[in-house]
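Read the structure below first, then the notes.
Chains as they are written, first to last, in the numbering used here: chain A, 116 to 426; chain B, 116 to 426.
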């Protein structure tokens with residue numbers, strides 16, 4: 116394949132699709148535009164959970180069972196932190212700290228998140244471009260029955276237990292897309308723009324809330340294909356289904372397609388969800404990604420759907 | 116003993132004496148005033164090497180063979196940092212990072228170094244007070260034949276190889292002593308003020324360069340006793356002897372006594388250096404501190420000398 120491929124993605128689930136794609140497409144032709152709404156400062160360190168999941172996954176360093184962090188991680192820092200009375204609800208592995216310490220230092224020195232991210236990817240010989248959605252601060256805030264919670268407090272500290280009333284993305288409306296993101300989406304050689312099966316409301320929406328990115332997607336000539344995060348009427352992982360229920364949204368591919376209406380041209384739907392009439396082109400496949408083979412298969416199905424659209 | 120005891124100290128060698136003292140004197144009656152001229156910012160983290168050596172030594176967490184850092188330390192952070200191209204000349208252990216990350220966060224939030232230090236000591240159940248000499252920034256700068264080097268660059272990165280021409284303490288002249296340091300020195304119940312056998316020019320001088328501390332020592336009614344860092348015409352460890360030679364100073368207890376003239380009332384001299392006439396009271400003892408027993412013995416000798424002075 117000679118064209119270019121774009122994926123809009125959150126962390127764990129999305130990274131699986133990007134890893135699958137990276138087996139099918141020369142990595143240099145692949146750009147992941149990554150959610151940074153989950154980014155936060157913790158213990159004075161700048162943490163970018165979704166970007167780091169991409170970095171670990173694409174460099175072969177990810178802890179596959181856990182879904183986040185590094186394989187063979189050690190935890191001496193957390194043990195010492197706990198002894199000293201430091202906040203310990205967010206796990207920071209010993210090796211993982213290197214990313215956070217270097218990123219924090221460079222951000223303070225004035226480097227952009229996208230430049231830092233590109234340098235990390237280069238150091239780990241990742242061929243794909245990993246772009247934060249924006250170099251400006253966007254914060255996903257979850258309004259719950261316990262009040263407003265920054266994303267990581269909702270997701271990690273409170274384990275998605277509070278009932279969600281609404282989600283907003285502070286700073287998104289005025290945030291510029293990271294340098295290169297809009298050009299990547301609008302590049303004439305783009306063959307497919309995929310929306311990963313990440314949580315639409317928590318992981319993809321922050322990306323779409325950056326006006327330049329939404330506008331670029333609306334103008335893109337390449338087909339935009341979403342991979343449904345619903346598998347057999349349920350979400351594979353994480354709080355997607357619980358959150359949809361709390362927001363009064365039916366847990367189905369149709370709801371997700373409606374959510375992305377005007378932006379996507381087609382949706383890859385899990386075969387367990389049967390034939391669905393979404394008003395856009397669909398394709399059915401087993402979209403559950405457990406093994407690497409699964410990830411490659413789902414990526415191939417999504418690319419095939421984009422190819423169909425290009426006719 | 117019901118009185119109070121003060122030690123002015125640098126890192127490794129001084130910490131040995133303080134540990135010895137803590138076996139002889141109820142820890143609550145012991146205050147260590149610690150050099151912070153070696154403190155520096157590295158990878159965006161605030162590092163306080165001498166304070167940390169005291170914290171590790173007095174809490175039983177020190178790596179005794181190495182002389183710095185924690186026992187049973189792991190190095191996953193450094194490995195990952197190196198992979199990412201981060202500066203790796205200064206070793207930061209995984210557990211050790213907890214001190215640096217928490218300290219950096221709290222300093223940025225406006226807490227004083229002495230408050231942070233007190234909280235760390237409390238968390239590790241250290242009874243002695245560990246006071247930084249100042250809460251303000253003092254930086255030891257070594258003028259060498261390669262130009263001016265911040266202390267850690269001279270000491271760690273350049274392994275004390277450049278020839279030293281002079282040493283200065285930036286910020287010391289205007290730095291206030293840390294809250295409590297002057298009161299500790301001048302407290303009427305102080306029975307002895309010891310100067311640890313740390314490097315006089317690199318580790319003790321920065322403390323003495325803080326005007327309020329020097330002035331308090333000059334006014335102190337308690338006897339001030341230095342433990343000679345010279346053992347048999349050599350320095351036990353570190354760059355003391357090399358540095359004295361480069362500065363044209365004879366490597367002898369007499370030189371150190373002359374250096375502290377006007378501040379000390381007596382000196383504990385190593386027995387290998389024979390009987391020396393220093394113009395102040397002296398006492399001879401085996402001052403080499405290898406075992407814990409040695410440390411207790413040297414501390415006891417220094418206290419005995421102070422007791423003699425009190426008459």
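Every residue gets a Cβ at the ideal spot worked out from N, C-alpha and C, and that includes glycine.
Worksheet item: What distance in whole Å lies between the Cβ atoms of residue 220 (chain A) and residue 158 (chain B), which are believed to be in contact at a cut-off of 8 Å?
Response: 5 Å
Worksheet item: So what's residue 398 (chain B) in DSSP terms, helix, strand or just coil?
Response: strand
Practice prompt. Would you mind telling me which residues of chain A sit closer than 8 Å to residue 198 (chain B), beta carbon to beta carbon, in chain order?
Written response: 213, 238 and 239
Discussion item. According to DSSP, simplified to helix, strand and coil, what is residue 205 (chain B)?
Written reply: coil
Worksheet item: In chain B, which residues lie with their C-beta within 8 Å of the C-beta of residue 348 (chain A)?
Response: Ordered by position in chain B, no residue passes the 8 Å Cβ test against residue 348 (chain A), which lies about 41 Å from the chain.
Worksheet item: Would a C-beta distance cut-off of 8 Å place residue 427 (chain A) and residue 383 (chain A) closer than the cut-off?
Response: The structure shown does not extend to residue 427 (chain A), since chain A spans only 116 to 426, so no value can be given for it.
Item to complete: Given a cut-off of 8 Å, decide if residue 417 (chain B) and residue 393 (chain B) are closer than it, judged by their beta-carbon atoms.
Response: no
Fill in: Below-8 Å beta-carbon distance, residue 216 (chain A) vs any chain B residue
yes
Fill in: Cα-Cα separation between residue 123 (chain A) and residue 145 (chain A), rounded to whole angstroms
11 Å
Discussion item. I'd like the list of long-range same chain contacts for residue 172 (chain B), defined as Cβ closer than 6 Å, with 5 residues on each side in sequence excluded.
Written reply: 130 and 134
Worksheet entry | Neighbourhood of residue 357 (chain B) by C-beta distance below 7 Å, restricted to the same chain and skipping five residues each side | 275
Worksheet entry | Exposed unless 16 or more other CB atoms sit within 10 angstroms - verdict on residue 176 (chain A) | buried
Fill in: residue 302 (chain A) (DSSP reduced to helix, strand or coil)
coil
Worksheet entry | Which residues DSSP lists as bridging residue 264 (chain A), in chain order | A:257
Item to complete: Please classify residue 226 (chain A): does DSSP put it in a helix, a strand, or coil?
Response: coil
Worksheet entry | Interface partners of residue 189 (chain B) on chain A, CB under 7 Å | 189, 191 and 209
Practice prompt. Let me know the secondary structure DSSP gives residue 162 (chain B) once reduced to three states.
Written response: strand
Fill in: Positions along the region 154–176 of chain B whose CB lies within less than 8 Å of some CB in chain A
158, 159 and 160
Discussion item. Going by DSSP in three states, residue 278 (chain A) sits in which element: helix, strand or coil?
Written reply: coil
Fill in: Cβ of residue 387 (chain A) within 8 Å of any chain B Cβ
no
Worksheet entry | Host beta strand (DSSP E) of residue 119 (chain A) (start-end) | 119–124
Worksheet entry | Where residue 250 (chain A) falls, given that 16 or more other Cβ within 10 Å makes a residue buried | buried
Worksheet entry | Through-space distance from residue 277 (chain A) to residue 432 (chain A), alpha-carbon basis | Here chain A has residues from 116 to 426 only, and residue 432 (chain A) is not among them.
Discussion item. Please state the DSSP three-state secondary structure of residue 364 (chain A).
Written reply: coil
Discussion item. Relative to the C-alpha of residue 454 (chain A), which candidate in A:153, A:265, A:329 and A:388 has its C-alpha closest?
Written reply: Only positions 116 to 426 of chain A appear in the structure, and residue 454 (chain A) is not among them; the question remains open.
Worksheet item: Closest by CA to residue 273 (chain B), which one among B:205, B:235 and B:334?
Response: B:205
Fill in: Opening and closing residue of the beta strand (DSSP E) in which residue 192 (chain A) lies
Looking at the DSSP string, residue 192 (chain A) is not in any beta strand (DSSP E); the run it does join, the alpha helix (DSSP H), is 191–198.
Fill in: Beta-carbon proximity of residue 321 (chain A) to residue 293 (chain A), cut-off 8 Å
no
Fill in: Contact between the region 159–171 of chain B and the region 183–201 of chain A (3+ Cβ pairs under 8 Å)
no
Discussion item. Please state whether the Cβ-Cβ distance between residue 265 (chain B) and residue 120 (chain B) is less than 8 Å.
Written reply: no
Discussion item. Just to confirm the assignment, what range does the alpha helix (DSSP H) spanning residue 127 (chain B) have?
Written reply: 127–139
Worksheet item: Does the count of Cβ pairs from the region 135–142 of chain B and the region 397–417 of chain A closer than 8 Å reach three?
Response: no
Worksheet item: If we count the other Cβ atoms within 10 Å of its Cβ and call it buried at 16 or more, is residue 405 (chain B) buried or exposed?
Response: exposed
Item to complete: Please state whether DSSP places residue 425 (chain A) in a helix, a strand or coil.
Response: helix
Discussion item. Could you check whether the Cβ of residue 235 (chain B) sits closer than 8 Å to any Cβ belonging to chain A?
Written reply: yes
Worksheet item: What three-state label does DSSP hand residue 383 (chain A) in the structure shown?
Response: strand
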